[in-house]
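Each residue of the sequence shown is one higher than the one before, starting from 140 at the first, in our numbering.
For each residue, glycine too, the CB sits at the ideal point set by N, CA and C.
Nothing here was measured: the structure is a model prediction, and the numbers come from that model.
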Amino acid sequence: MKGPIALEIERKLEAAFAPSRLAVINDSESHHGHAGHDGSGESHFTVEIESPAFAGVSRLQRQRLVNAALGDLPGQRVHALAIRASAPGE
């Protein structure tokens, strides 16, 4: 079952990129006891997103676009976010 932060990540990314594939993976449990693990169960995530919006866009710019779409989540309510962004066919 997905928590409220994972659902918010999905909602924001779907609205911003209309992805052909989106997976929001909660990695928080594997970071239990580490810095940034806040006990909420939603502190560390991996996002795998495929969207035509990323065609011809550098890896760094893709990261920036995803972070911008998520607003205050990264760094405020999410301690760590790994992003794997691709265009269809990559």
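Distance, Cα to Cα, residue i vs residue j?
{"i": "Gly-142", "j": "Val-186", "result": "15 Å"}
{"i": "Phe-156", "j": "Pro-191", "result": "8 Å"}
{"i": "Ile-164", "j": "Ser-197", "result": "23 Å"}
{"i": "Arg-150", "j": "Pro-158", "result": "11 Å"}
{"i": "Glu-229", "j": "Ala-154", "result": "22 Å"}
{"i": "Glu-168", "j": "Phe-184", "result": "10 Å"}
Where does residue i sit, in a helix, a strand or coil, going by DSSP?
{"i": "Gly-175", "result": "Below a pLDDT of 50, predicted positions are generally treated as unreliable, and Gly-175, at 47, falls in that range; the measurement from the model is reported next regardless. Gly-175 falls in the coil class under three-state DSSP."}
{"i": "Ser-159", "result": "coil"}
{"i": "Ala-194", "result": "coil"}
Between the beta-carbon of residue i and the beta-carbon of residue j, is there less than 7 Å?
{"i": "Val-205", "j": "Ala-224", "result": "yes"}
{"i": "Glu-189", "j": "Pro-213", "result": "no"}
{"i": "Arg-203", "j": "Phe-193", "result": "no"}
{"i": "Leu-304", "j": "Leu-146", "result": "The chain is shown only over 140 to 229; residue 304 falls outside these bounds and no answer can be derived."}
In the DSSP output, which residue or residues are listed as bridge partners for residue i?
{"i": "Pro-213", "result": "Val-217"}
{"i": "Ser-225", "result": "Glu-189"}
{"i": "Ile-164", "result": "Thr-185"}
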